[in-house]
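One structure is given below, encoded as structure tokens.
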Amino acid sequence: MSQEPPSLFEPDDVGRPLADRLRPESLEDVIGQDHLLGDDAPIGRMVAESRLVSMVLWGPPGCGKTTIARLLAERTNLVFESVSATFSGVAELRKVFQSAVKRREIGQGTMLFVDEIHRFNRAQQDSFLPYVEDGTVVLVGATTENPSFELNSALLSRCQVFVLKRLDEETLTTLISRAEETTDRELPLDAQARDALVAMADGDGRYLLNLIEQLQTVSGTLDASGLVDLVQQRAPIYDKAQEGHYNLISALHKSMRGSDPDASLYWLARMLEGGEDPLYIARRLVRFANEDIAIADPQAVQQALAAWDVFERLGSPEGELAIAQAVVYLATAPKSIAVYRGFNAAKKLAKQTGSLMPPANILNAPTKLMKNLGYGEAYEYDPDRPGGFSGANYFPEDMKPERVYRPTDNGYEHVVAQRLSEWDRMRAEIRGQDERTGNERSDDAQRGSAGSDEGQVDDAQRGDAGPDEGQAGNGQRGDDQRGNGQRGDDQRGERQSDEGER
198 MSQEPPSLFE PDDVGRPLAD RLRPESLEDV IGQDHLLGDD APIGRMVAES
248 RLVSMVLWGP PGCGKTTIAR LLAERTNLVF ESVSATFSGV AELRKVFQSA
298 VKRREIGQGT MLFVDEIHRF NRAQQDSFLP YVEDGTVVLV GATTENPSFE
348 LNSALLSRCQ VFVLKRLDEE TLTTLISRAE ETTDRELPLD AQARDALVAM
398 ADGDGRYLLN LIEQLQTVSG TLDASGLVDL VQQRAPIYDK AQEGHYNLIS
448 ALHKSMRGSD PDASLYWLAR MLEGGEDPLY IARRLVRFAN EDIAIADPQA
498 VQQALAAWDV FERLGSPEGE LAIAQAVVYL ATAPKSIAVY RGFNAAKKLA
548 KQTGSLMPPA NILNAPTKLM KNLGYGEAYE YDPDRPGGFS GANYFPEDMK
598 PERVYRPTDN GYEHVVAQRL SEWDRMRAEI RGQDERTGNE RSDDAQRGSA
648 GSDEGQVDDA QRGDAGPDEG QAGNGQRGDD QRGNGQRGDD QRGERQSDEG
698 ER
């Protein structure tokens with residue numbers, strides 16, 4: 198029996214994209230989001246009670262946000278109004294709100310679906326508030342970006358945020374089977390090629406169906422390499438200014454901190470494949486070396502700087518190997534944040550005691566007046582002392598020495614800890630001698646002494662009056678300050694993570 202040709206006014210699937218033809222017709226047909234749509238899931242319970250609240254659906258492309266919104270409107274008998282934040286403005290929104298107000302007067306509810314809602318500016322987002330507040334519309338926003346960064350707090354407080362998952366391999370395989378049943382055509386792929394097709398989709402159901410549509414015109418059977426030659430692999434989801442960027446740098450940072458070189462290389466590759474600027478990664482490696490390794494492996498920062506330098510000289514792709522080498526080095530290096538914590542503790546002390554002068558004996562005296570005031574008097578040049586250590590006090594005289602740097606036993610910092618422990622012992626011994634000698638001195642000798650109950654050593658023990666001003670200047674070194682051994686544990690709290698920084 199011959200069939201009549203389809204009327205121009207009858208629906209025809211021939212020109213419709215496969216993704217549109219396979220769009221679920223009921224919530225039960227939606228796959229991959231059971232954590233939201235199941236009977237005991239949040240949205241599933243709302244549907245059972247015929248009670249919807251305004252919501253934001255946050256998830257990657259092709260996971261079903263638009264479909265779920267449309268089916269929710271049908272199931273709860275709401276008029277479905279859809280706008281795109283990419284193409285719509287305040288004028289179009291005003292028309293939608295006016296229509297929704299009229300429907301409400303006759304007892305008809307409205308669902309306003311806003312695709313890419315994060316693209317609306319703050320003023321446009323604020324225009325939703327009164328209509329969401331009084332129930333004129335049930336707002337359903339769809340976004341691929343983190344709502345906490347892209348939506349204003351007033352709107353978020355009136356909506357529930359639901360996170361949709363990217364489609365897993367099992368769900369994508371089910372989608373392939375549905376496509377073959379609907380089109381009555383089996384894909385011309387061998388088993389490995391079918392697996393490769395799922396991997397190419399990278400969790401995006403819509404993209405998968407577009408690939409299937411391309412493959413249905415192919416004759417013969419394709420293997421995995423033939424499939425790769427025929428179709429374009431989906432570009433990784435990576436926005437260098439948005440959530441993906443910060444998620445991946447956080448993953449790289451924490452993988453290195455957790456001493457996992459394999460995961461570290463994986464996240465590095467993910468960032469580079471996504472188009473991240475390698476110099477941004479190089480800068481972060483230098484920061485990581487200083488913050489998370491520091492003295493535990495003094496070569497770590499040199500490795501990071503070398504990788505930065507090599508990449509600037511070679512560029513991509515050759516220079517990326519230097520960055521990978523640095524990532525492995527940092528991931529496998531011993532870790533310590535003792536310097537980080539010590540510096541934070543020192544900054545806290547500096548804010549509290551910012552007006553105190555350094556001890557006069559460690560100050561240079563380039564003028565006669567400063568010499569007369571005692572600047573540089575009786576300064577001890579540590580390299581000339583036994584063991585290269587004088588045990589002098591370098592904190593302000595009116596301030597009790599505080600411990601701010603507490604080395605760990607990790608890596609080279611173990612050696613530093615032993616050295617500081619020895620200097621502590623020597624300091625205690627030197628100061629004990631000072632106290633005994635001071636009791637035997639005459640009043641004149643005591644007046645000429647540069648020592649004090651702060652632990653300074655007197656002239657009598659030093660022998661010479663001290664090095665000249667040039668020696669005094671040279672003696673003021675970072676190593677000397679580190680050698681004072683005055684360390685502390687004022688600040689023991691958790692360090693703030695870098696990755697949140699934006």
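Start counting the sequence shown at 198; every next residue gets the next number (my numbering).
Idealized CB from N, CA, C, for every residue including glycine.
Every value quoted in this text rests on a predicted model; they were computed, and no experiment measured them.
Under the three-state reduction of DSSP output, GLN413 falls in the coil class, being neither helix nor strand. Within the same chain, and ignoring the five residues on either side of ILE373 in sequence, the residues whose Cβ sits closer than 8 angstroms to its Cβ are LEU384, ARG391, LEU394, VAL395, LEU405, ILE409. Annotation: the continuous alpha helix (DSSP H) that includes THR263 extends over 262-272. Rounded to the nearest whole angstrom, the CA to CA distance from ASP231 to GLY241 is 9 angstroms. Shown here, VAL276 sits in a strand according to DSSP, grouped into three states. In the DSSP annotation of this structure, PHE310 is not part of any alpha helix (DSSP H); the continuous beta strand (DSSP E) holding it starts and ends at 307-312. Between the beta-carbon of LEU254 and that of VAL335 there is about 13 angstroms, and that puts the pair past the 8 angstroms contact cut. When DSSP states are grouped into helix, strand and coil, GLY588 belongs to the coil group. In the structure shown, VAL601 falls within a coil segment according to DSSP collapsed to helix, strand and coil. In the three-state DSSP reduction, THR340 falls in the strand class (E or B). Annotation: LEU419 to LEU427 spans about 9 angstroms, alpha carbon to alpha carbon.
When the Cα atoms are used, ILE559 and ALA501 turn out to be separated by approximately 36 angstroms. Burial state of ASN607 is buried, judged by a 10 Å Cβ sphere holding 16 or more other Cβ atoms. In the three-state reduction of the DSSP assignment, PHE540 falls in the helix class. Counting the other CB atoms within 10 Å of its CB gives LYS568 a total below 16, which places it among the exposed residues.
Judged by DSSP in its simplified three-state form, SER461 adopts helix.
Within the region 375-405, the complete alpha helix (DSSP H) segments of 4 residues or longer fall at 388-398, listed in chain order.
Residue pairing by DSSP places SER350 in no beta bridge whatsoever. DSSP links GLN357 through a beta bridge to MET252. Only residues of its own chain outside the window of five on either side were considered, and among them GLU289, LEU290, VAL293, LEU309, PHE310, VAL311, ASP312 have a CB closer than 8 angstroms to the CB of VAL280, listed in chain order.
About 7 angstroms separates the beta carbons of ALA491 and ALA535, which is inside the 8 angstroms limit, making them a contact pair. For ALA486 against LEU527, the beta-carbon gap comes to about 6 angstroms, under 8 angstroms, which counts as contact.
As the crow flies, the alpha-carbon of ARG624 is around 36 angstroms from that of THR529. With a beta-carbon spacing of about 20 angstroms, LYS532 and ALA503 fall beyond the 8 angstroms limit used to define contacts. The three-state reading of DSSP puts LEU511 in helix, counting H, G and I together. Within the same chain, LEU254, GLY256, ALA339, LEU361 come within 7 angstroms of LYS262 by CB-CB distance, once the 5 residues on both sides are set aside. C-alpha of THR307 to C-alpha of PHE346: approximately 27 angstroms in a straight line. DSSP places VAL335 in the strand class (E or B) of the three-state scheme.
A distance below 9 angstroms separates the beta carbons of ARG272 and LEU224. Taken through DSSP and simplified to helix, strand or coil, LEU326 comes out as helix.
Within the same chain, and ignoring the five residues on either side of GLY235 in sequence, the residues whose Cβ sits closer than 8 angstroms to its Cβ are GLY241.
ARG628 and GLY588 do touch by the CB rule: their CB atoms are close to 6 angstroms apart, below 8 angstroms. Less than 9 angstroms divides the Cβ of MET252 from the Cβ of PHE359. Judged by beta-carbon spacing, ALA460 lies beyond the 9 angstroms limit of SER447, meaning their Cβ atoms are not closer than that value.
Within its own chain, the residues whose Cβ lies closer than 7 angstroms to the Cβ of ALA216, once the five positions on either side in sequence are excluded, are ARG403, LEU406, ASN407, listed in chain order. The Cβ atoms of TYR609 and PRO458 do not sit closer than 9 angstroms to each other.
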